[in-house]
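Going by this note's numbering, the sequence shown opens with residue 329, and the numbers climb by one from there. Here a beta-carbon is modelled for each residue, glycine too, at the ideal position from N, C-alpha and C. Take a look at the structure set out below.
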Amino acid sequence: MTNPKVWASFVLIVYVLFIIFQISNEFNIAFFLDSILVPIITMAYIILAKRKNIYFLLFLICYSVSDILGVTMHYILFYNVPFEESLIFYEYDYYIGSFLYILGYTFLLVKISKTINLKHVLKNFKIHLIVLTFLNIYLIYVLQFFVKSELEFDYEYFTEFVYNVIIFVLLSAALLAYFYRDSKKSLFLFLGALLIVFSEVMDIAYNYIDQRVLINVLASTFCLLAFYFFYKQSSLRDNGEVNKSDLYAFSDEK
Numbered sequence: 329m330t331n332p333k334v335w336a337s338f339v340l341i342v343y344v345l346f347i348i349f350q351i352s353n354e355f356n357i358a359f360f361l362d363s364i365l366v367p368i369i370t371m372a373y374i375i376l377a378k379r380k381n382i383y384f385l386l387f388l389i390c391y392s393v394s395d396i397l398g399v400t401m402h403y404i405l406f407y408n409v410p411f412e413e414s415l416i417f418y419e420y421d422y423y424i425g426s427f428l429y430i431l432g433y434t435f436l437l438v439k440i441s442k443t444i445n446l447k448h449v450l451k452n453f454k455i456h457l458i459v460l461t462f463l464n465i466y467l468i469y470v471l472q473f474f475v476k477s478e479l480e481f482d483y484e485y486f487t488e489f490v491y492n493v494i495i496f497v498l499l500s501a502a503l504l505a506y507f508y509r510d511s512k513k514s515l516f517l518f519l520g521a522l523l524i525v526f527s528e529v530m531d532i533a534y535n536y537i538d539q540r541v542l543i544n545v546l547a548s549t550f551c552l553l554a555f556y557f558f559y560k561q562s563s564l565r566d567n568g569e570v571n572k573s574d575l576y577a578f579s580d581e582k
């Protein structure tokens, strides 16, 4: 399994099957297929990458473990535990899974932050920072407004708040890194972060506002596209040149 095209084909097949089962209202199967997409990509990165960035690898691992935990808990509880008794286990899954996602995004944020000079950004992008700060505050407020009515406890609200803060800080850091580097690699990294945020917003809409099939499909599509751009940026150096040794494999520079 050292051929990148085999891995790419595998991911594409799983994605197409996910859409088919989602549209067919076979939600349990669709949920399983959706949950193994990122773990497959993570395995591909581990096997194919010749030079791995530790922070990006930790991001992939945290994201994958959370996805696997979620689908495993769902299948165990759905088929073996009465609904009322399973609620406490779903609650544990929610908090552990959310923590892993937040931790994963934090590792990705560290990776992006290491590509920029903080003093240069503070000196030359003051207006950008101010605009991004106010925009982030507004967007986080709007998202919290929508989820507040669906949450029972304050600590759930706090978890969602921290989650939303980290994804928008991640997006802002990726945008500033693009302004600072102005390279194809940083552009792809920004597009990946942007699509990750789109995916998370779609997930919020699906979980708390309207559980339409299209919203869930869009969330998974945005997530898959995000990892496509992460793959593209991994074969580039900051000057935009292709890293020839990694052209056909998942890789990333330290």
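Original post:
If we count Cβ pairs, one from each stretch, closer than 8 angstroms, do we get three or more for the stretch 388-404 versus the stretch 424-432?
Top reply: yes
**OP:** Check the DSSP bridge columns for L457 and list the partner residues they point to.
**Re:** Position 129 of the sequence shown, counted from the first residue, corresponds to residue 457. Partner(s): none; L457 has no beta bridge.
Original post:
What residue from I468, K442 and D482 has the CA that sits closest to A505's CA?
Top reply: In the sequence shown, residue 505 corresponds to position 177, counting from 1. Minimum Cα distance to A505 is reached at K442.
Subject >> Pair within 8 angstroms by beta-carbon distance, L394 and L437 >> reply: To locate residue 394, count along the sequence shown from 1; it is residue 66. To locate residue 437, count along the sequence shown from 1; it is residue 109. Sequence inspection shows Ser at residue 394; the Leu mentioned does not correspond to that position. Cβ atoms of S394 and L437: not closer than 8 angstroms.
**OP:** Assuming M530 and F550 form a contact by the criterion Cβ under 8 angstroms, report the distance between their Cβ atoms to the nearest whole angstrom.
**Re:** By 1-based counting over the sequence shown, the position of residue 530 is 202. By 1-based counting over the sequence shown, the position of residue 550 is 222. Indeed, because the Cβ distance is near 6 angstroms, the residues count as touching under 8 angstroms.
Subject >> Own chain partners of F507 with C-beta closer than 7 angstroms, once the 5 adjacent residues on each side are dropped >> reply: Here the question's residue 507 lines up with position 179 in the sequence shown. So the list reads F453 and H456, once near-sequence residues are dropped.
Subject >> Given N464 as reference, the closest of R540, L519 and I495 once Cα atoms are compared >> reply: Numbered from its first residue, the sequence shown carries residue 464 at position 136. Here the closest residue by C-alpha is I495.
Original post:
Is L431 helix, strand or coil by DSSP?
Top reply: Against the sequence shown, residue 431 aligns to sequence position 103. L431 falls in the helix class under three-state DSSP.
Subject >> For L479, three-class secondary structure by DSSP >> reply: Here residue 479 refers to the residue found at position 151 when the sequence shown is read from its first residue. In this structure, L479 counts as coil in the three-state DSSP scheme.
Original post:
What residue ranges within the stretch 351-401 form continuous alpha helix (DSSP H) runs of no fewer than 4 residues, ordered along the chain?
Top reply: 355-376
Subject >> Buried or exposed (CB count within 10 angstroms, at least 16 for buried), L446 >> reply: Counting from 1 along the sequence shown, the entry for residue 446 is found at position 118. By the 10 Å Cβ count, L446 comes out exposed.
**OP:** Using a threshold of 8 angstroms, state whether the C-beta atoms of F558 and G520 are closer than that.
**Re:** Here residue 558 refers to the residue found at position 230 when the sequence shown is read from its first residue. Here residue 520 refers to the residue found at position 192 when the sequence shown is read from its first residue. Cβ distance < 8 angstroms, so F558 and G520 count as in contact.
Original post:
What three-state label does DSSP hand K513 in the structure shown?
Top reply: Taking the first residue of the sequence shown as position 1, residue 513 is located at position 185. Note: K513 maps to helix in three-state DSSP.
Original post:
When you compare only the Cα positions, how much space is there between L503 and P410?
Top reply: Within the sequence shown, the letter at position 175 stands for residue 503. Within the sequence shown, the letter at position 82 stands for residue 410. Whole-angstrom Cα-Cα distance: 46 angstroms.
Subject >> Top-ranked residue by Cα proximity to S426, from V334, V493 and L450 >> reply: Here residue 426 refers to the residue found at position 98 when the sequence shown is read from its first residue. Nearest option by C-alpha distance: V493.
Original post:
I357 and F349: beta carbons closer than 8 angstroms?
Top reply: Within the sequence shown, the letter at position 29 stands for residue 357. Within the sequence shown, the letter at position 21 stands for residue 349. Yes, they are a contact pair.
Subject >> Three-state secondary structure assigned by DSSP to T443 >> reply: Along the sequence shown, read from residue 1 onward, the residue named residue 443 stands at position 115. Note: T443 maps to coil in three-state DSSP.
**OP:** Could you say which of F355, K451, L522 and Y483 lies nearest to L499 if we only look at CA atoms?
**Re:** As a position in the sequence shown, residue 499 is number 171, starting the count at 1. Nearest in C-alpha terms to L499, of all of F355, K451, L522 and Y483, is L522.
**OP:** Please name the residue in D482, V334 and T370 whose C-alpha comes closest to that of L385.
**Re:** Within the sequence shown, residue 385 is the residue found at index 57, counting from 1. The option with the nearest alpha carbon to L385 is T370.
Original post:
Mind checking L471: buried by the 16 CB within 10 Å criterion, or exposed?
Top reply: Position 143 of the sequence shown holds residue 471. It is buried - the Cβ of L471 has at least 16 other Cβ atoms within 10 Å.
Original post:
Of all the options V545, S514 and F526, which has the alpha carbon lying nearest to the alpha carbon of Q561?
Top reply: The count along the sequence shown starts at 1 and reaches residue 561 at position 233. The option with the nearest alpha carbon to Q561 is S514.
Original post:
Which residues in the same chain have their Cβ closer than 7 angstroms to the Cβ of K333, if we skip the five residues on either side of it in sequence?
Top reply: On the sequence shown, residue 333 is found 5 positions in, with the first residue counted as 1. Correct list: empty, nothing qualifies.
Subject >> Where I444 falls, given that 16 or more other Cβ within 10 Å makes a residue buried >> reply: Sequence index remark: in the sequence shown, residue 444 carries index 116 (1-based). It is buried - the Cβ of I444 has at least 16 other Cβ atoms within 10 Å.
Subject >> Integer Cβ distance of F338 from I368, believed to fall under 8 angstroms >> reply: For the purposes of this step, residue 338 is taken as residue 10 along the sequence shown, with counting starting at 1. For the purposes of this step, residue 368 is taken as residue 40 along the sequence shown, with counting starting at 1. The Cβ separation is near 6 angstroms, so the contact holds.
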